[in-house]
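**Student:**
Chains as they are written, first to last, in this note's numbering: chain A, 1 to 285; chain B, 286 to 591.
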């Protein structure tokens, strides 16, 4: 018998949606054990963890995808909005339900490894599934940003998504015709891109994603860019060239990106731009 | 829901904070002080209090008073927001607390109240500037504002303002030309907690003084703080290991390094990378040491959950 009052899980999900999430799902904390390495499982971060609440949202709007200037998507990041929802849910769980709640920090403890994989959390909470392009896609809304809260509250958990968003019907048809999909075609690993994969019977049976290569393209104006220019500037013996490096457009944009971290999340969206499943099912005029 | 004052529906909106004097008054008969507080609490503040501008005059040097910042200022409204959740305090991985994200909702609450004051009462209202402009000195002290608004008192622990109900909160304030009735300062200081007074009687120290004798020292007399010393510079170097200071330190070492290979190692090191991340994600990397607050009993009842 649940220790929570009736309707608690539904009320929490309702609060998440009202706070701005597009979707909210709940995973069993133990479900991570067979997928996540030690120290990166819910109970490693919060002793006694029983559930993981996952919210998705703050995605690019249909208008952002339709904009003709690539600078729009490069500088419209809104991940901060979904993280704010996660933080508020953590506070709500503690103050309203009386259970411990840990907002999973969006940063990393070291290197590129997150404290808890938000992509795995979204999958286990039934609000998304992995795509050929890498990101977890929600079947209704497509590409979303994610935030998660680990809690000791025994919330009602959701099952995994039954119908995966990827590959979309249009991509399956394209595969039958051309042996590729929009995302694989726009960024093929065999031609200097990041992605590769294979469909059989309408399902992905092999995927390949070159994360380091993708990282250098998606985060061109981020901390890596800063470090790169700093090293070059210090290695440059010519004072005039050094000045050009430091006042150059690349370094200036990098400084903007570091300062406005929440609005300069990524600088490449091509695999998502061409993905029929990434933009959600709602059609606009 | 189990503990909310308004039942399950409270989760769908923003609940009423339990420590919010007088905000339960129906909107139609609410005073303007109650109305402003309700706006702040609904916007995410945990507590809201009010101080008069006059209260700052005897404690603050000229140039740092509210009416030096907003001519004609009459009142200061202060919002306190939550810090880490109880779950974050329990995390065995210290790195989570080091970069655990904050909502900083007190800033949102202050802006919501500013908008409300300007629209509803036609008086000027601005967020009080609080980021340091010279060294560690802010244009206006949020700690003093919180004290004068009756939201908390200074503690042994780095002189952090403790709210008697919630302990550690983060504060923001607004300055307005609207005259408002102030809240009285707390009649009893939040620190030392009765448990700490008893501990001091037994062994001559308190939890915070014992956990960080490097930064803190003090004495208790008649159940109150008699003397208190806080080594701010030492604390700063420990509490903010990633941030502007660490960036400056690492950059200084990098530009002074003549060997390109060593320089490269320093530039791409985990320390420098995390320092840069701290600059970008400032909300997530506010502090890297919480030990004096970890052991503080004030507000701990809100950290004891299931």
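All residues carry an ideal CB built from backbone N, CA and C; glycine is no exception.
These numbers come from a predicted model, not from an experiment.
1. If residue 384 of chain B and residue 570 of chain B are in contact, beta carbons under 8 Å, what's the gap, nearest whole angstrom?
2. If you measure between the beta carbons of residue 510 of chain B and residue 361 of chain B, is that distance less than 8 Å?
3. Identify the continuous alpha helix (DSSP H) that holds residue 250 of chain A and give its terminal residues.
4. In the structure shown, what three-state DSSP assignment does residue 9 of chain A receive?
5. Examine chain B for any beta-carbon lying closer than 8 Å to the beta-carbon of residue 60 of chain A, and answer yes or no.
6. Of all the residues that make up the stretch 76-101 of chain A, which are near chain B by a beta-carbon distance shorter than 9 Å?
7. To the nearest angstrom, how far is the alpha carbon of residue 9 of chain A from that of residue 452 of chain B?
8. Is the CB-CB distance between residue 335 of chain B and residue 465 of chain B below 8 Å?
9. Could you compute how far the alpha carbon of residue 552 of chain B sits from the alpha carbon of residue 558 of chain B?
10. Is DSSP giving residue 1 of chain A helix, strand or coil here?
11. Let's test the definition: count the other Cβ atoms within 10 Å of the Cβ of residue 434 of chain B and tell me whether it reaches 16, buried, or not, exposed.
12. On the criterion of 16 or more Cβ atoms from any shown chain inside 10 Å, does residue 533 of chain B qualify as buried, or is it exposed?
13. Taking only beta-carbon atoms, is residue 507 of chain B less than 8 Å away from chain A?
14. So what does DSSP say about residue 206 of chain A, is it helix, strand or coil?
15. Using only alpha-carbon positions, find the residue among A:202, A:254, A:78 and A:71 that is nearest to residue 60 of chain A.
16. To the nearest angstrom, how far is the alpha carbon of residue 86 of chain A from that of residue 237 of chain A?
17. So what does residue 455 of chain B bridge to, in DSSP terms?
18. With 16 other CB atoms within 10 Å as the buried threshold, where does residue 261 of chain A fall?
19. Since residue 27 of chain A and residue 124 of chain A are thought to touch, with beta carbons under 8 Å apart, how far apart are those beta carbons, to the nearest angstrom?
20. For a test of the three-state rule: what should DSSP assign to residue 91 of chain A, helix, strand or coil?
21. Quick check on residue 269 of chain A - is its C-beta less than 8 Å from some C-beta in chain B?
22. Taking DSSP as the reference, what is the three-state secondary structure of residue 419 of chain B?
23. Check whether the Cβ atoms of residue 614 of chain B and residue 477 of chain B sit closer than 8 Å, and answer yes or no.
24. Measure the CB-CB distance between residue 133 of chain A and residue 183 of chain A and report whether it falls below 8 Å.
25. From residue 318 of chain B to residue 407 of chain B, what distance separates their C-alpha atoms?
26. Compare the C-beta of residue 155 of chain A against all C-beta atoms of chain B and say whether one is closer than 8 Å.
27. Within a Cβ cutoff of 8 Å, which residues of the same chain sit near residue 109 of chain A, ignoring the five residues on either side of it in sequence?
28. When the distance is taken between beta carbons, is residue 390 of chain B closer than 8 Å to residue 328 of chain B?
29. Jot down the residue ranges of each uninterrupted beta strand (DSSP E) in the stretch 498-577 of chain B, minimum 3 residues, whole runs only, in chain order.
30. Which residues does DSSP list as the beta-bridge partners of residue 592 of chain B?
31. Are the beta-carbon atoms belonging to residue 58 of chain A and residue 41 of chain A less than 8 Å from one another?
32. For residue 566 of chain B, which residues in chain A fall below 7 Å Cβ to Cβ?
33. Closest Cβ-Cβ distance between residue 535 of chain B and chain A: below 8 Å?
34. Given a cut-off of 8 Å on the beta-carbon distance, is the pair residue 409 of chain B and residue 355 of chain B in contact?
35. With DSSP collapsed to three states, give me the class of residue 183 of chain A.
36. Touching or not, the stretch 440-449 of chain B and the stretch 582-591 of chain B, by the rule of three or more beta carbon pairs under 8 Å?
**Tutor:** Reading from the atomic positions:
1. As a working note, residue 384 of chain B is residue 99 in the second chain. As a working note, residue 570 of chain B is residue 285 in the second chain. Right, their Cβ atoms sit about 5 Å apart.
2. In the second chain, counting from the first residue as 1, residue 510 of chain B sits at position 225. In the second chain, counting from the first residue as 1, residue 361 of chain B sits at position 76. No, the Cβ-Cβ distance between residue 510 of chain B and residue 361 of chain B is not below 8 Å.
3. Position 250 of the first chain holds residue 250 of chain A. First-last of the alpha helix (DSSP H) with residue 250 of chain A: 249-259.
4. What you label residue 9 of chain A is simply residue 9 of the first chain in a count that begins at 1. The answer is helix: DSSP assigns residue 9 of chain A an H, G or I state.
5. Here residue 60 of chain A refers to the residue found at position 60 when the first chain is read from its first residue. No, no contact with chain B.
6. 80, 83, 84, 86, 87, 88, 90, 91, 92, 93, 94, 95, 96, 97, 98, 99, 100 and 101
7. Looking up residue 9 of chain A in the first chain gives position 9. Looking up residue 452 of chain B in the second chain gives position 167. Spanning the two alpha carbons is a distance of roughly 29 Å.
8. Reading the second chain from its first residue, position 50 is the one you call residue 335 of chain B. Reading the second chain from its first residue, position 180 is the one you call residue 465 of chain B. Their beta carbons are under 8 Å apart, which means residue 335 of chain B touches residue 465 of chain B by this criterion.
9. Stepping through the second chain from its first residue, residue 552 of chain B is reached at position 267. Stepping through the second chain from its first residue, residue 558 of chain B is reached at position 273. Cα to Cα, the separation comes out at about 8 Å.
10. Locating residue 1 of chain A in the first chain gives position 1, where the first residue counts as 1. Caution applies to residue 1 of chain A, whose pLDDT of 42 falls short of 50 and renders its modelled position unreliable; the value that the coordinates give is listed next. Reduced to three states, the DSSP call for residue 1 of chain A is coil.
11. For the purposes of this step, residue 434 of chain B is taken as the residue at position 149 of the second chain. Buried is the call here.
12. For the purposes of this step, residue 533 of chain B is taken as residue 248 along the second chain, with counting starting at 1. With fewer than 16 other Cβ atoms within 10 Å, it is exposed.
13. Locating residue 507 of chain B in the second chain gives position 222, counting from the first residue. So no, residue 507 of chain B is outside the interface.
14. As a first step, residue 206 of chain A is located in the first chain; it is residue number 206 there, counting from the start. Strand, per DSSP.
15. Numbered from its first residue, the first chain carries residue 60 of chain A at position 60. Closest option to residue 60 of chain A, Cα to Cα, is A:78.
16. By 1-based counting over the first chain, the position of residue 86 of chain A is 86. By 1-based counting over the first chain, the position of residue 237 of chain A is 237. Those two C-alpha atoms are separated by around 48 Å.
17. Sequence index remark: in the second chain, residue 455 of chain B carries index 170 (1-based). BP columns for residue 455 of chain B point to B:366.
18. The residue labelled residue 261 of chain A in the question sits at position 261 within the first chain. Classification for residue 261 of chain A: buried.
19. Stepping through the first chain from its first residue, residue 27 of chain A is reached at position 27. Stepping through the first chain from its first residue, residue 124 of chain A is reached at position 124. Going by Cβ atoms, the distance from residue 27 of chain A to residue 124 of chain A rounds to 4 Å, so yes, they are a contact pair.
20. Numbered from 1 along the first chain, position 91 holds the residue referred to as residue 91 of chain A. Helix, per DSSP.
21. Numbered from 1 along the first chain, position 269 holds the residue referred to as residue 269 of chain A. So, not an interface residue.
22. Position 134 of the second chain, counted from the start, is the residue given in the question as residue 419 of chain B. Of the three classes helix, strand and coil, the one that applies to residue 419 of chain B here is strand, per DSSP.
23. For residue 614 of chain B there is no data in the structure shown, the boundaries of chain B being 286 and 591.
24. If you number the first chain from 1, residue 133 of chain A lands on position 133. If you number the first chain from 1, residue 183 of chain A lands on position 183. Yes, Cβ-Cβ distance for residue 133 of chain A and residue 183 of chain A is below 8 Å.
25. Start at 1 with the first residue of the second chain, and residue 318 of chain B comes out as number 33. Start at 1 with the first residue of the second chain, and residue 407 of chain B comes out as number 122. Approximately 15 Å between the Cα atoms of the pair.
26. By one-based count along the first chain, residue 155 of chain A stands at place 155. Not one chain B Cβ lies under 8 Å of residue 155 of chain A.
27. Numbered from 1 along the first chain, position 109 holds the residue referred to as residue 109 of chain A. Once the five neighbours on either side are set aside, the close Cβ partners of residue 109 of chain A are 115.
28. In the second chain, residue 328 of chain B corresponds to position 43, counting from 1. In the second chain, residue 390 of chain B corresponds to position 105, counting from 1. Yes.
29. 501-506 and 509-515
30. What is shown of chain B runs 286 to 591, which leaves residue 592 of chain B out entirely.
31. Start at 1 with the first residue of the first chain, and residue 58 of chain A comes out as number 58. Start at 1 with the first residue of the first chain, and residue 41 of chain A comes out as number 41. No.
32. Reading the second chain from its first residue, position 281 is the one you call residue 566 of chain B. Per Cβ cutoff of 7 Å: 107 and 261.
33. Translated into the one-based positions of the second chain, residue 535 of chain B becomes position 250. Taking Cβ atoms only, chain A never reaches closer than 8 Å to residue 535 of chain B, which makes this a no.
34. Locating residue 409 of chain B in the second chain gives position 124, counting from the first residue. Locating residue 355 of chain B in the second chain gives position 70, counting from the first residue. Closer than 8 Å, so yes.
35. Within the first chain, numbered from 1, the residue matching residue 183 of chain A stands at position 183. Of the three classes helix, strand and coil, the one that applies to residue 183 of chain A here is helix, per DSSP.
36. yes
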